[in-house]
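**Q**
Residue numbers (my numbering): 2 to 262.
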């Protein structure tokens, strides 16, 4: 080993290992002689990933989703399903495998679970769906203050299935060129700012207008709204669904068809 040099203000300064402390020099000599080769090497490992779940959980709390779903064991599993679905679209089994790399226990308080537990959580969500929607609506209403909300937005989407065992899967209107695929129809009801309030799933051969009656029932019976402004696309607001609105007892004062600009 030899020192290197740098020049400053016309003087030379040597920087080399000869300036090291004696203990450091001795360790370096032993390293060069191979005397330290037999020392055990500390194995490196990666801890669980915290950031993603932590941020998503905070967003869920701000939206009131955590309180609506609940803090029971099944509620925590349901919340995990919602949060995991955002970065990882897969089966329940793949969600369990995904959880192995993330701080699920530290963030959500879930120590151990398998795909069967997640299916039980889905069953529990289905049984409590209306109560969860009522909690979300009450929160939405309280934040808006008086008078109660009257404006509701509604639209449907189609989800195509690769399997054949879904009880709601049917061949329906082919709007995206997915021929030969079973599909389901999903209707989403939101408040005026687009905040989700309720969702329903229909058979794949259900037409858009026929789904409106269920939304009217949700608004009238679950949310106790007697007068509303219901906004849907032109194919949805036809005479047939509005007949259902009159029969439900809601005050449908006027109906206007228009084109989006």
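Using N, Cα and C, we set each Cβ at its ideal position, and we do this for glycine too.
How about residue 219 and residue 202: do their beta carbons lie closer than 8 Å?
**A** As a first step, residue 219 must be located in the chain shown, where it is residue number 218. As a first step, residue 202 must be located in the chain shown, where it is residue number 201. Not a contact, by the Cβ cut-off of 8 Å.
**Q** Bridge partners for residue 103 per DSSP, in chain order?
**A** The residue you call residue 103 lines up with position 102 of the chain shown. The partner list for residue 103 (beta bridge, DSSP) reads 50.
**Q** Run the CB neighbour count on residue 194, radius 10 Å, all protein chains shown included, and call it buried at 16 or more, exposed below.
**A** If you number the chain shown from 1, residue 194 lands on position 193. Residue 194 should be labelled exposed.
**Q** Where do the N-terminal and C-terminal ends of the beta strand (DSSP E) with residue 232 fall, by residue?
**A** Position 231 of the chain shown, counted from the start, is the residue given in the question as residue 232. Residue 232 -> beta strand (DSSP E) spans 230-232.
**Q** Leaving aside the five residues before and after residue 150 along the sequence, list all residues of the same chain whose C-beta is less than 8 Å from its C-beta, in chain order.
**A** In the chain shown, the residue the question calls residue 150 occupies position 149. These residues qualify, in order along the chain: 141, 142, 192, 193, 226.
**Q** Would you call the segment 118-130 in contact with the segment 75-85, where contact means no fewer than 3 C-beta pairs closer than 8 Å?
**A** They touch, by the three-pair rule.
**Q** To the nearest angstrom, report how far apart residue 21 and residue 35 are at their CA atoms.
**A** Here residue 21 refers to the residue found at position 20 when the chain shown is read from its first residue. Here residue 35 refers to the residue found at position 34 when the chain shown is read from its first residue. In a straight line, the C-alpha of residue 21 is about 20 Å away from that of residue 35.
**Q** DSSP has residue 174 in a bridge; who is on the other side?
**A** By 1-based counting over the chain shown, the position of residue 174 is 173. The partner list for residue 174 (beta bridge, DSSP) is empty, contrary to what the question assumes.
**Q** Helix or strand or just coil, what does DSSP make of residue 143?
**A** Position 142 of the chain shown holds residue 143. Reduced to three states, the DSSP call for residue 143 is helix.
**Q** Between the beta-carbon of residue 198 and the beta-carbon of residue 156, is there less than 8 Å?
**A** As a first step, residue 198 is located in the chain shown; it is residue number 197 there, counting from the start. As a first step, residue 156 is located in the chain shown; it is residue number 155 there, counting from the start. For residue 198 and residue 156, no; Cβs fall outside 8 Å.
**Q** Can you tell which of 105, 40, 62 has the C-alpha that lies nearest to the C-alpha of residue 52?
**A** In the chain shown, the residue the question calls residue 52 occupies position 51. Of the listed residues, the one whose Cα sits closest to residue 52 is 105.
**Q** Just to confirm the assignment, what range does the beta strand (DSSP E) spanning residue 335 have?
**A** Residue 335 lies beyond the residue range present for the chain, which begins at 2 and ends at 262; the question has no answer from this structure.
**Q** Let me know the secondary structure DSSP gives residue 212 once reduced to three states.
**A** Along the chain shown, one-based indexing puts residue 212 at 211. Residue state, collapsed to three classes: helix.
**Q** Going straight from the alpha carbon of residue 231 to that of residue 134, what length do you get?
**A** On the chain shown, position 230 is the one that residue 231 refers to. On the chain shown, position 133 is the one that residue 134 refers to. Their backbone Cα atoms lie some 18 Å apart in a straight line.
**Q** Using 10 angstroms around the beta-carbon of residue 70, count the other beta-carbons present and answer buried if the total reaches 16, otherwise exposed.
**A** Here residue 70 refers to the residue found at position 69 of the chain shown. The residue is buried, with at least 16 neighbouring Cβ atoms inside 10 Å.
**Q** What's the C-alpha gap between residue 18 and residue 30?
**A** Position 17 of the chain shown holds residue 18. Position 29 of the chain shown holds residue 30. The straight-line gap from Cα to Cα measures roughly 11 Å.
**Q** Taking the alpha-carbon positions, what's the residue 139 to residue 224 distance?
**A** Within the chain shown, the letter at position 138 stands for residue 139. Within the chain shown, the letter at position 223 stands for residue 224. So the alpha carbons of these two residues sit roughly 8 Å apart.
**Q** Can you tell me where the alpha helix (DSSP H) holding residue 114 begins and where it ends?
**A** Your numbering for residue 114 matches position 113 in the chain shown. Taken as a continuous stretch (DSSP letters only), residue 114 belongs to no alpha helix (DSSP H), as it is neither H nor E.
**Q** To the nearest angstrom, how far is the alpha carbon of residue 175 from that of residue 209?
**A** Counting from 1 along the chain shown, the entry for residue 175 is found at position 174. Counting from 1 along the chain shown, the entry for residue 209 is found at position 208. For residue 175 and residue 209, the distance between alpha carbons rounds to 13 Å.
**Q** If you measure between the beta carbons of residue 89 and residue 96, is that distance less than 8 Å?
**A** To locate residue 89, count along the chain shown from 1; it is residue 88. To locate residue 96, count along the chain shown from 1; it is residue 95. Yes, the pair counts as a contact, with Cβ atoms nearer than the cut-off.
**Q** I want to check one thing, is the minimum distance from the CB of residue 108 to the heavy atoms of the ligand SAM below 7 Å?
**A** The ligand SAM is absent from the structure shown, which contains no ligand whatsoever.
**Q** Less than 8 Å separating the beta-carbons of residue 183 and residue 172?
**A** To locate residue 183, count along the chain shown from 1; it is residue 182. To locate residue 172, count along the chain shown from 1; it is residue 171. Yes; because the gap between Cβ atoms is below 8 Å, this pair is in contact.
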